[in-house]
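Residue numbers (this note's numbering), protein chains in the order written: chain A, 3 to 259; chain B, 223 to 612. The beta-carbon is built from N, C-alpha and C at its ideal position, and this holds for glycine as well. From a predicted model like this one, the values you see are computed outputs, not experimental measurements.
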Amino acid sequence: MATHAIRTRDKDTLARFLGWFSLGLGTAQLLAPKTMCRLVGASGDGLSRHVMRAMGVREATQGIGILTRPRPTTWVWARVAGDALDLSLLGLTAARGNAKRAAFGIVNVVAVTVPDVYEARHLSRKHGPVRGAMHVRKAVTINLPREHVEQAWAACAQELRERLLDAGATVSFTPAPRHGTELAVDLTQDPPAGDLGGAVPKLTGKDLATQLADDLRRFKQLVETGEIARSDATPDGHLLAEHLKQRPAQPVEEVPR
Amino acid sequence: MRALCWEGRNTVEVENVPDPKILNPRDAIVRITSTAICGSDLHLVDGYVPTMKKGDVLGHEFMGEVVEVGSGVSNLQVGDRVVVPFPIACGACLACEREQYSVCENTNPNARLAEKLWGFPTAGVFGYSHLTGGYAGGQAEYARVPFADVGPIKLENGFSDEQVLFLSDIFPTGYQAAETCDLRGGEVVAIWGAGPVGQLAAASARLLGAERVIVIDRFEYRLRVAEQNTGAETLDYEEVDRVPEALKELTGGRGPDACIDAVGLEAHHHGPLYAYDRVKQAMRQETERPFALRESIISCRPGGVVSVIGVYGGLVDKFPMGAVMNKGLTIRSGQCHVHRYLRPLLERVQNGEIDPSFIVTHRLPLDDAPQGYELFKNKEDDCLKVVLTP
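Below, the structure written as structure tokens:
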């Protein structure tokens with residue numbers, strides 16, 4: 003089973019910088035709210051500390067959003083809105099407490115608001131498809147001539163073909179050395195919650211790419227041998243999602259299906 | 223039925239488990255008449271091979287009588303007496319077409335696990351961890367044999383079980399080790415390990431034309447068996463300072479033409495390097511203690527062959543790659559492609575060229591299998607090979 007995944011991403015170093023900046027600042031606000039409060043002239047007690055923490059959550063969320071989305075236009079605009087909120091809070095602090103320190107904070111926020119607005123406008127102007135998804139190729143070589151493999155694909159892989167069609171995947175058959183056939187499936191994956199959102203189904207073997215790998219392996223078995231290899235531990239054959247809850251390698255009570 | 227199950231590190235028990243059933247058209251069910259404990263079973267019992275699960279039925283050397291066949295098996299009939307090869311092979315993939323049956327592409331339902339560890343999956347194996355498929359083994363009353371139209375060899379002559387049982391694994395395994403040494407006649411072959419595979423590798427090397435075979439071990443009774451049955455010379459490594467030097471001395475300074483490592487990942491030795499391996503293995507910094515492998519590489523003459531048939535699972539440390547490269551050694555290795563050797567070796571048994579049953583020292587009923595494991599593991603009572611009868 004060959005698996006090849008290529009990440010094509012809009013090359014945007016400024017957006018990535020802003021993402022990491024958000025994550026870093028947010029972490030500092032979450033872990034050391036008192037110090038951060040004092041830095042901008044707030045008391046660091048009571049309400050101000052809670053506000054600082056809340057702002058930290060906001061910053062960190064924006065950071066993760068920017069870093070995981072292929073074209074994070076909304077997330078960068080969210081930063082601009084966040085900057086406005088920060089500036090008004092700092093204005094309030096200047097009126098009530100240490101004006102000098104608050105002014106220091108305001109200067110810093112403005113310094114980052116400029117690139118935020120610039121980047122948000124830049125991303126908003128971008129057109130064309132998002133180039134951030136993962137291009138995945140899965141391939142197996144089947145030890146039979148091409149006509150035979152194509153016929154088998156048309157005859158017995160209906161459910162799989164439909165799923166691939168839904169996912170916009172392309173399937174190709176190429177003659178492989180000797181008399182084999184390379185069956186390759188190319189698809190583009192862009193999980194809605196970005197890389198992090200995609201990680202959970204991937205770990206449990208429930209993402210499309212992993213299921214596709216299972217399906218191709220089973221298709222190869224079926225075409226080459228006429229059956230799906232079943233062991234006592236995995237009587238349903240190869241399914242990655244089932245790997246972690248295998249039964250012991252001893253005969254089954256009931257013959258499955 | 224009764225079956226020997228792995229219950230945890232260093233614990234095996236005979237239990238009642240469900241009878242095997244036909245799951246696929248190309249399956250057969252075999253009533254087992256003889257089964258053996260293999261050296262590699264000890265690696266599983268010790269817990270050195272990962273992915274064992276409590277309740278796994280062990281055993282991959284077995285033979286018996288066909289009691290049921292699936293609709294896709296036409297070459298076997300109920301009542302046929304068969305020996306079953308330990309790797310499960312489909313007979314249709316490119317690996318099988320090339321007669322590399324132990325790396326069959328289709329028979330390991332846990333292919334992804336093996337792929338992560340070794341880059342590619344290997345064939346399914348009976349009773350040999352979940353990494354090789356999670357198939358129930360043959361230290362039991364019955365076994366389900368997948369792809370029964372490809373693997374089992376039908377016995378038509380009146381051989382005793384013990385004469386042919388070892389065709390399932392250790393005889394072809396030892397034979398493959400010797401065959402891959404590229405023997406053309408007149409060579410000196412050194413073999414590390416006088417266990418069952420080492421013994422049969424020694425006998426095979428002689429069959430294939432080696433002029434001298436030197437077997438290295440520390441158990442006097444095992445060396446004696448090799449001397450008496452394979453025509454090998456022996457070397458007790460506890461009696462010499464350094465094995466490579468001793469081998470040089472025995473070969474007029476030339477070194478063996480081929481070296482066979484029939485020891486594998488749990489090698490024993492003395493000295494600081496052994497302590498080093500034990501500590502690293504205990505701390506999971508390396509998975510093997512490759513002492514025999516290192517020694518065979520250092521001992522081999524320039525341009526010679528090192529044939530690794532002892533089992534390894536993961537990573538080794540202090541591997542003398544410089545010696546391999548600069549001496550121009552050829553390393554051969556692999557789980558045995560048993561199917562390839564079944565017929566030719568059965569013919570050799572039939573012609574009286576060899577009787578592999580010389581290695582059997584203990585015969586026990588299946589219910590005493592845990593005791594058999596203890597004897598074999600601790601090398602008590604001059605134990606060399608245990609055959610179990612269900």
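For P587 (chain B), the enclosing beta strand (DSSP E) stretches over residues 584 to 587.
Across the set B:Y443, B:G292, B:P494, B:K376, the C-alpha of B:G292 shows the shortest separation from the C-alpha of I244 (chain B). Residue-level contact by beta carbon fails for D217 (chain A) and chain B, as no gap is shorter than 8 Å.
Straight-line spacing of the CA atoms in V501 (chain B) and K540 (chain B) works out to 14 Å. Distance from the Cα of M547 (chain B) is smallest, within the candidate group B:L469, B:V527, B:R562, for B:V527. Beyond the five residues adjoining it in sequence on each side, I230 (chain A) comes within less than 7 Å, by CB distance, of R220, Q223, L224, G239 in the same chain, given in chain order. Under a 10 Å Cβ-count criterion, E569 (chain B) is classified as exposed, with fewer than 16 other Cβ atoms of the shown protein chains found around its own Cβ. At the C-beta level, Y364 (chain B) and I251 (chain B) come within 8 Å of one another. In this structure, A:S174 is the residue among A:S174, A:Q191, A:L189 with its C-alpha nearest to the C-alpha of T183 (chain A). If you draw a straight line from the Cα of F441 (chain B) to the Cα of W228 (chain B), it comes to about 28 Å. When the five nearest sequence neighbours on each side are left out, the beta carbons in the same chain lying within less than 7 Å of the beta carbon of P242 (chain B) are those of I251, A358, Y364, A365, R366, in order along the chain. At a cut-off of 8 Å between beta-carbon atoms, H52 (chain A) makes no contact with chain B. Residue environment for L387 (chain B): buried (at least 16 other C-beta atoms within 10 angstroms of its C-beta).
The three-state reading of DSSP puts F175 (chain A) in strand, counting E and B together.
Close to V254 (chain A), with beta-carbon spacing below 8 Å, are these residues of chain B in chain order: P240, K243, L245. With respect to chain A, the C-beta atom of H282 (chain B) has no partner C-beta closer than 8 Å. In this structure, the beta-carbon distance from A416 (chain B) to L445 (chain B) falls below 8 Å.
Interface flag for P237 (chain A) against chain B is set, since a Cβ pair is found closer than 8 Å. For V151 (chain A), none of the residues of chain B pass the 8 Å Cβ criterion, the least Cβ distance being about 13 Å. Residues are counted here when their Cβ sits less than 8 Å from a Cβ of chain B; for the stretch 221 to 237 of chain A these are K222, Q223, E226, T227, G228, E229, I230, A231, R232, S233, D234, A235, T236, P237, given in chain order. Within a 10 Å sphere around the beta-carbon of H129 (chain A) sit fewer than 16 other beta-carbons, which makes this residue exposed.
For K275 (chain B), there is no enclosing beta strand (DSSP E), as DSSP marks it with neither H nor E. Within chain B, no residue has its beta carbon less than 8 Å from that of V138 (chain A); the closest one is some 16 Å off.
The residues I520, S521, in chain order, have a CB closer than 6 Å to that of P466 (chain B) in the same chain once the five nearest residues on each side in sequence are set aside. Residue environment analysis places H6 (chain A) among the exposed positions, since fewer than 16 neighbouring C-beta atoms fall within 10 angstroms of its C-beta. Secondary structure of A86 (chain A) (DSSP, three-state): helix. In this structure, the straight-line span from the alpha carbon of V257 (chain A) to that of K247 (chain A) is close to 18 Å.
Counting along the chain, the unbroken beta strand (DSSP E) around N238 (chain B) starts and ends at 233 to 238.
Against chain B, the beta carbon of Q64 (chain A) has no neighbour under 7 Å; the closest one sits roughly 35 Å away.
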